[in-house]
Amino acid sequence: MKKRLISLLAAATMTAVMFAGCGATSDSSEAGSDAGSADDTATVAAEDEGSVLNIYCWNDEFRDRVVAHMPGYEATGDYEGKLGDVTVKFLVTPNQDNAYQNNLDENLLKQDSASADDKIDIFLVEADYALKYVDAEYTMPIADLGIADSELANQYQYTKDVMTDSKGVLKGLSWQGCPGVLIYNRAIASEVLGTDDPAEVQNAVKDWDTFKDTAAKMKAAGYKMTSTTNDAYRVFSNNVSGKWVQGNKVVIDPNIKKWVDMSKEMADAGECGTQDLWSSEWSAGFKAPGDTFCYFGPAWLINFSMGNGPDKDDDGSIAHAGGWAAANGPQGFFWGGTWICAAAGTDNAGTIAEIMRALTTNEEVMTEIVKQDSDFVNNKPAMEAAAKDDSFAFAILGGQNPLQMFCDGAGKIDLSNQSAYDQGCNEEFQKAMKNYFDGNATYEEALEQFNKAIVEKYPGLETE
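Per numbering that gives the first Met the number 0, numbering through the sequence shown is continuous, rising by one, with the last residue being 463.
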């Protein structure tokens, strides 16, 4: 078993995403007294459950969801609480420099010899590297927790596809979905396009040719279409026709090459920059008045990354003024997501099952998450109802309710071309192409840089 896991870990990428999963954190550590208002029945661990439930995660997002929404949860500290007689511990290792995955991998390999109170019970993964763990024997099948397929009928299919192994076994569940939209600056839209109405703006970004035409108009008016070439990358990479690795050969999909060509044209024309995502230059367009027309992202980017909403302290952001809006954009895509995995060897299967049921299948609890956290939850009836309810409007979006766009997008996400090599290939390709966009290399030279890096990262693969 260890040899198999070591092989999978060695094949996986060694660079973590800076803003992992849906990346949202909120200060709800004091909400324990109100937890579980959607269900008056406290969760009580079975008599044969272990005394300690260890949860491995990379930020506070999942902790905040448990603290605020898990029926029966009682916070006893910032990173510790109780569910019945079980002590719950959140063991947080940040993602930077791959620290979270390195720590998780090291401890998964010690799982057999760890004492009962030190074993990993739950660990979290995100889409970019999920398959690394899905196909490992250290993840427990959801069916083995006693959770039936019928209980998951209202979840979006793609969220289950992410966590389904090569044998068709489901190995993890998520409370959220992360379909993406195009998020645009209302003031810039009004100035350049003559309207900030989402339906009208959609006509200006309805496909990539139209998107490029609009980029030229934005540049002529003194604005960037997107902050960076990487803003659109996930939209293209989510719509490829084949996997990154076919057999043992790395293949550049035509849609990825289309991104390269469009990005080079836009960078050369000054219609966007080439800086990295999450850099201060990338996020400069979040501040008022803003020089960037649009970003691509899911609900978490809107609510947790673009600045404070009107109901919070004025941080000088466009978000605080309610100055953004959403449109479908040229193509559907998704970005991120956090999945709950049960570690094989856990002595808290019953408690884990109750957490998964409450946070990923209970419509009332999940509606509560939408209301309180502006998260897009993994429950179709809850989201369809919220999409028709004006009380779920986003203040950051000037009172627009974008949830129907997210619902439509979530139902169309296709992960048939997902592979265990996605994170490494995507990161190395973007890194190499930056040299091309900056004029420091030809396309062929940048491609050679990518080929060299990917063979070093994944020995045994062949490149085109």
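From the three backbone atoms N, C-alpha and C, an ideal C-beta is built for every residue, glycine too. Computed from a prediction, not measured in an experiment: that's the story for all the values here.
Using 9 Å as the threshold, is the C-beta distance between residue i and residue j below it?
i    : j    : result
T227 : Q274 : yes
T359 : W174 : yes
P458 : I395 : no
W299 : N184 : no
N327 : S373 : no
N94  : N53  : no
M69  : I354 : yes
C56  : L123 : yes
N434 : Q417 : no
G306 : A318 : yes
G71  : G349 : no
G321 : G397 : yes
V200 : A188 : yes
N202 : K379 : no
D346 : A115 : yes
A214 : E280 : no
I182 : L446 : no
D263 : Y420 : Correcting the residue identity first, residue 263 is Lys in this sequence and not Asp. Their beta carbons are not under 9 Å apart, which means K263 does not touch Y420 by this criterion.
V91  : R64  : no
Taking residue i as the reference, which of the options has the closest Cα?
i    : options                : result
K223 : D196, A135, C293       : C293
D127 : A384, S236, T75        : S236
N238 : D230, N254, V51        : N254
Q110 : Y137, V91, N229        : Y137
K216 : A231, P197, G193, R233 : G193
A135 : Y155, L103, Y232       : L103
F295 : E125, P329, N97, A67   : P329
D230 : W258, S240, K242       : W258
R233 : F375, N450, L414, K379 : L414
K451 : S112, C424, R64        : C424
G49  : D63, D84, Q403, V65    : D84
A147 : R356, D389, G241, M365 : R356
L82  : V66, L90, T92, N97     : V66
V133 : N106, F285, V168       : V168
Y155 : E73, N377, N361, D47   : N377
E125 : P401, L172, M139, D143 : L172
D195 : Q399, Y157, F285, N361 : Q399
D260 : M432, D388, S240, N361 : M432
I351 : N101, M139, F285       : M139
N361 : K286, G221, L108, L151 : L151
Answer with buried or exposed for residue i, where buried requires no fewer than 16 other C-beta atoms within 10 angstroms of its C-beta.
i    : result
Q422 : buried
Q245 : exposed
E60  : buried
A219 : exposed
S316 : buried
E463 : exposed
P288 : exposed
E29  : At E29, the pLDDT of 32 sits below 50, so the modelled position is not reliable; the number obtained from the coordinates is stated separately. So E29 ends up on the exposed side.
W277 : exposed
A44  : Summary for A44: the model assigns pLDDT 39, below 50, so the residue's position carries little reliability, and this model does not support an answer.
E444 : exposed
T441 : exposed
G80  : buried
N439 : exposed
S27  : Summary for S27: the model assigns pLDDT 33, below 50, so the residue's position carries little reliability; its value from the coordinates is reported in the next sentence. By the 10 Å Cβ count, S27 comes out buried.
Q403 : exposed
S149 : exposed
S112 : exposed
E455 : exposed
T366 : buried
K311 : exposed
A105 : Here the sequence assigns Glu to residue 105, which means Ala is not the residue at that position. Burial call: exposed.
A268 : exposed
Which whole-angstrom value is the C-beta distance of residue i and residue j, which I expect to be below 8 Å?
i    : j    : result
F436 : A266 : 4 Å
K256 : E461 : Contact flag wrong, Cβ pair sits at about 19 Å.
K166 : I141 : In fact, because the Cβ distance is near 13 Å, the residues do not count as touching under 8 Å.
A325 : P197 : 6 Å
Y78  : K88  : 7 Å
V51  : T86  : 5 Å
V369 : F391 : 7 Å
P297 : F375 : 7 Å
Examine the ligand GTP and report whether any of its heavy atoms sits within less than 8 Å of the Cβ of residue i.
i    : result
A188 : Looking for the ligand GTP in the displayed structure turns up nothing, as the structure carries no ligands at all.
Is the number of C-beta pairs between the segment 325-343 and the segment 116-127 that are closer than 8 Å three or more?
Enough Cβ pairs lie closer than 8 Å, so yes.
Inspect the CB distances between the segment 209-218 and the segment 378-390 and report whether three or more fall short of 8 Å.
Judged by Cβ distances under 8 Å, the segment 209-218 makes no contact with the segment 378-390, as fewer than three pairs qualify.
Pair every Cβ in the segment 409-424 with every Cβ in the segment 200-207, then say whether three or more of these pairs are closer than 8 Å.
Judged by pairs of C-beta atoms under 8 Å, the segment 409-424 does not touch the segment 200-207, as fewer than three such pairs exist.
For the segment 328-337 against the segment 177-195, do three or more pairs of beta-carbon atoms, one drawn from each stretch, fall closer than 8 Å, so that the two count as touching?
Taking 8 Å as the limit for Cβ pairs, the verdict is that the segment 177-195 does touch the segment 328-337.
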